[in-house]
Amino acid sequence: MKKSLYILLGICCLFLLVFVNNNYNFYKETIVKITAVKLIKEETATDYYGNKDILYTQLLTGKILNGTLKSKSIELRNQYSYSGAADNQYKKGDALFISLDDNTKATLTGTIKGLKRDSYIVLMAVLFTVFIIAVGKKKGLFSLLSLTFNVILFSLVMDLYLRGINLLLVCSIVVIVFTVFSLILVGGYNQKTFTAIISTLSGTFLTLIIAYIVMKLTNEKGVRYEEMQFLTHPPHEIFMAEILVGCLGAVMDVCITISSSIYELCEKKPDISRKALMDSGMEIGKDIMGTMTNVLFFAYVSGAIPMLLVYLKNGFQTGYSFNMNLSLELIRALTGSIGIVLAIPLSLYTSVFMQHRHLKKREQVS
Amino acid sequence: MNVIIILAVILFILMKLIGKEKGTKSFLSLLLNFLIIFVAIILIAHNLNSIVITILACILISYVSLFYINGKHPKTTAAFLSTLITLAVLFFFIYFIGYAARIQGFSEEEFEEISLYSLYIGTNFTKIVISTIIMGLIGAIIDTAISISSSMNEVYIHNPSITRRKLFESGLNISRDILGTTTNTLYFAFVGGYMALILWLKDLHYSFSTIINSKVFCSEIISILCSSLGVTLIIPITAGITSYILLARKPPSADNDIKSEITDKAGL
Chain A
1 MKKSLYILLG
11 ICCLFLLVFV
21 NNNYNFYKET
31 IVKITAVKLI
41 KEETATDYYG
51 NKDILYTQLL
61 TGKILNGTLK
71 SKSIELRNQY
81 SYSGAADNQY
91 KKGDALFISL
101 DDNTKATLTG
111 TIKGLKRDSY
121 IVLMAVLFTV
131 FIIAVGKKKG
141 LFSLLSLTFN
151 VILFSLVMDL
161 YLRGINLLLV
171 CSIVVIVFTV
181 FSLILVGGYN
191 QKTFTAIIST
201 LSGTFLTLII
211 AYIVMKLTNE
221 KGVRYEEMQF
231 LTHPPHEIFM
241 AEILVGCLGA
251 VMDVCITISS
261 SIYELCEKKP
271 DISRKALMDS
281 GMEIGKDIMG
291 TMTNVLFFAY
301 VSGAIPMLLV
311 YLKNGFQTGY
321 SFNMNLSLEL
331 IRALTGSIGI
341 VLAIPLSLYT
351 SVFMQHRHLK
361 KREQVS
Chain B
1 MNVIIILAVI
11 LFILMKLIGK
21 EKGTKSFLSL
31 LLNFLIIFVA
41 IILIAHNLNS
51 IVITILACIL
61 ISYVSLFYIN
71 GKHPKTTAAF
81 LSTLITLAVL
91 FFFIYFIGYA
101 ARIQGFSEEE
111 FEEISLYSLY
121 IGTNFTKIVI
131 STIIMGLIGA
141 IIDTAISISS
151 SMNEVYIHNP
161 SITRRKLFES
171 GLNISRDILG
181 TTTNTLYFAF
191 VGGYMALILW
201 LKDLHYSFST
211 IINSKVFCSE
221 IISILCSSLG
231 VTLIIPITAG
241 ITSYILLARK
251 PPSADNDIKS
261 EITDKAGL
């Protein structure tokens, strides 16, 4: 039974890999496979701030893979720079989306719209699936399901928001539902899971409240929403929802770790005193605190690096560049870290309290 | 008062209250790590090789996060070594996918916003992608490595006569739980960070095929998958190295354990 499931998954992965490299006919846009590349121009450029760059023009020859002009040959021009911040260099073998120009000349020409990236995404996804299942077995499969649910769920949340429902409200409901389901799925329906659910939810919402109060009290001083400029919606509400969702995973992680170890200790040593239990839980909490906060910190801050470089290279002052590009990321990382630290005593007290009540009940029965 | 400063102060107070001395250390290591990233970005902006800088920064970050908080101990050394080896393996992989999928720089959708700036700045953005992805996952792999090696150390202390193979297997067993929760942390952190992006893609009314071929979506998905891949890869590597290092020591004696405890407490 189990084996056949893995074999089925393997076949699915293989099928996907083959499919995504041969799905040209499913696209409405014209796709071209590059067969030859010629560099026709190369010039150095220096911008206003003294940054030196090289601009290239390449002439690409390719074969059309779909549509009415299938297997006809076509010529494309592409300009790119050494830095490549907003352009791409194309190579032999790349598949590109193009739009055809009005052609009266002998050779077909077109305009490049973008690289066909679906094959890379699928390759990554397949590799990831194989690795996570090989290493994590059943737990790996759960993690995979959790990721898929995550993406689908929050895509649905956004649909609801666009229909005019309060984002924070929808997110709160989704957070509660997700926590309950995923913890029961992973830990089974028992008291341990119950304590993890209570502490996760209280930790997450407490963090949100703290963030909200700080933002209100300071009138959001130092929060630079310019990063979210592209949105046509008020950024404040979206940012609060992002904070709520962003810290949930970390808080859940802490709560699962602490409650599992407390229950493990109780099982190994049923006569353990309340104080010893608290001390040992605190010790575990101290151990995970430092590295867990680092996880969030790096996950958030790294995303700002490209834009930071553009600012620094465009002659903005260092302080201004960091302030503009890191303010939202730092707030996310800090609130997430506050959630992690708060979750330690919260989950500890809940599990010890529940465990104690459980023991007392058992004593009364016997 | 600035929101960031107030939040940082709240975090510091909480860490100090709950973690005592270790909490203060954890907070300081966060600050140190921020300083390292800060210096690294400044150096990259001064046209130093971004990949070399990233690798050096990662080594420093792992050193600070592991040895400063946890002290000198075979389990810390094992975690440090596994982090470096995993980084080396991941590096080649990310290099390949970063070059092939061309997810560097900014997407067409962002052009309007960035058209104010000069983009021909002479910094190779393909290399920056690699730095960004590696910086994004370094925290997660360090966390996984130290969790596994310290749990394996506990197993070893309670059962000193354990064979290398048994220790390796129990390391793998422990890490399955860690795998689930750590990847969950990452997913939520990323999804939380990209909610604005999801909304944006919805606003643009892109079709499914446009989304999965777009630079903006691909670069986010590839960073999530690379981070989780890192967390997955480091599990067998840490289990292997820890079981090797712990059992390569002299046969354990009471004396040995006391020594390591003393160095632990001194925070060396």
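Line order of the protein sequences matches chains A and B.
For the record, in the first sequence the residue sitting at position 259 is 259 according to the working numbering, with numbers rising by one throughout.
For the record, in the second sequence the residue sitting at position 38 is 38 according to the working numbering, with numbers rising by one throughout.
Ideal placement from N, C-alpha and C gives every residue a C-beta, glycine not left out.
Remember, predicted model here, so these are calculated numbers, not experimental data.
Start-to-end residues for the beta strand (DSSP E) that takes in residue i
i      : result
A/R368 : This structure cannot settle anything about residue 368 of chain A, because the visible part of chain A is limited to 1 through 366.
B/K75  : Note, B/K75: premise wrong, no beta strand (DSSP E); alpha helix (DSSP H) at P74 to A101.
For residue i: DSSP bridge partner residues
i      : result
A/K33  : A/K63 and A/A95
A/Q58  : A/L39 and A/N78
A/T46  : A/K52
A/L100 : A/G110
Nearest-angstrom Cα separation, counted from residue j out to residue i
i      : j      : result
A/H358 : A/G339 : 28 Å
A/V170 : A/M289 : 30 Å
A/S45  : B/T126 : Before going further, note that residue 45 of chain A is Ala rather than Ser in the sequence given. If you take the alpha carbons of A/A45 and B/T126, they lie about 19 Å apart.
A/Q58  : B/I36  : 39 Å
A/A196 : B/I174 : 19 Å
B/M195 : B/L43  : 31 Å
A/L348 : A/L206 : 16 Å
A/A125 : A/L162 : 29 Å
B/R165 : B/V155 : 13 Å
A/I262 : A/I121 : 41 Å
B/T24  : B/A101 : 42 Å
B/L17  : A/I198 : 22 Å
B/I211 : A/Y27  : 13 Å
A/D159 : A/L265 : 45 Å
B/L137 : A/L69  : 45 Å
A/L14  : A/I238 : 39 Å
A/R362 : A/V186 : 26 Å
A/F194 : B/Y120 : 55 Å
B/N269 : B/S151 : Chain B is shown from 1 up to 268; residue 269 of chain B falls before or after that span and cannot be answered.
B/A226 : A/G303 : For the record, residue 226 of chain B in the displayed sequence is Cys; it is not Ala. If I take the Cα positions, the gap works out to 14 Å.
A/L208 : B/I5   : 17 Å
A/L39  : A/K91  : 11 Å
B/F208 : A/D118 : 11 Å
B/L66  : B/F80  : 7 Å
Helix, strand or coil at residue i according to DSSP, with G and I counted as helix
i      : result
A/A85  : coil
A/D53  : strand
A/Q317 : coil
B/I258 : The predicted model places B/I258 with a pLDDT of 48, which falls under 50 and marks its position as unreliable; any figure quoted below should be read in that light. Note: B/I258 maps to helix in three-state DSSP.
A/A106 : coil
A/K3   : helix
B/L119 : coil
A/L17  : helix
A/G339 : helix
A/I272 : coil
A/I40  : strand
A/K113 : strand
A/T68  : coil
A/L296 : helix
B/L48  : coil
A/V352 : helix
A/L375 : As shown, chain A starts at 1 and ends at 366. That puts residue 375 of chain A outside it, with no answer to give.
B/K265 : Its pLDDT being 48, under 50, B/K265 is placed unreliably by the model, and the measurement read from it follows with that caveat. Of the three classes helix, strand and coil, the one that applies to B/K265 here is helix, per DSSP.
B/L204 : coil
B/F106 : coil
B/G71  : coil
A/Y379 : Absent from the structure is residue 379 of chain A, since the part of chain A shown begins at 1 and ends at 366.
A/Y311 : helix
A/Y90  : coil
Residue i - containing alpha helix (DSSP H), residue span
i      : result
A/K137 : D118 to L162
B/N275 : Because chain B here runs from 1 to 268, residue 275 of chain B falls outside it and cannot be looked at.
B/V64  : Counting along the chain, B/V64 falls outside any alpha helix (DSSP H), and DSSP gives it neither H nor E.
B/S219 : K215 to A248
**Prompt:** Using a Cβ cut-off of 9 Å, which residues of the stretch 169 to 192 of chain B contact any Cβ in chain E, in chain order?
**Reply:** The question asks about chain E, but that chain is absent: this structure's protein chains are A and B.
**Request:** Pick out the complete beta strand (DSSP E) segments inside the stretch 153 to 233 of chain A, 3 residues or longer, and give them in chain order.
**Result:** Runs of the beta strand (DSSP E) inside the stretch 153 to 233 of chain A: none found.
**Request:** Just list the alpha helix (DSSP H) runs in the stretch 113 to 196 of chain B, keeping only unbroken ones of 4 residues or longer that don't cross its boundaries, in chain order.
**Result:** Here the runs fully enclosed are 125 to 158.
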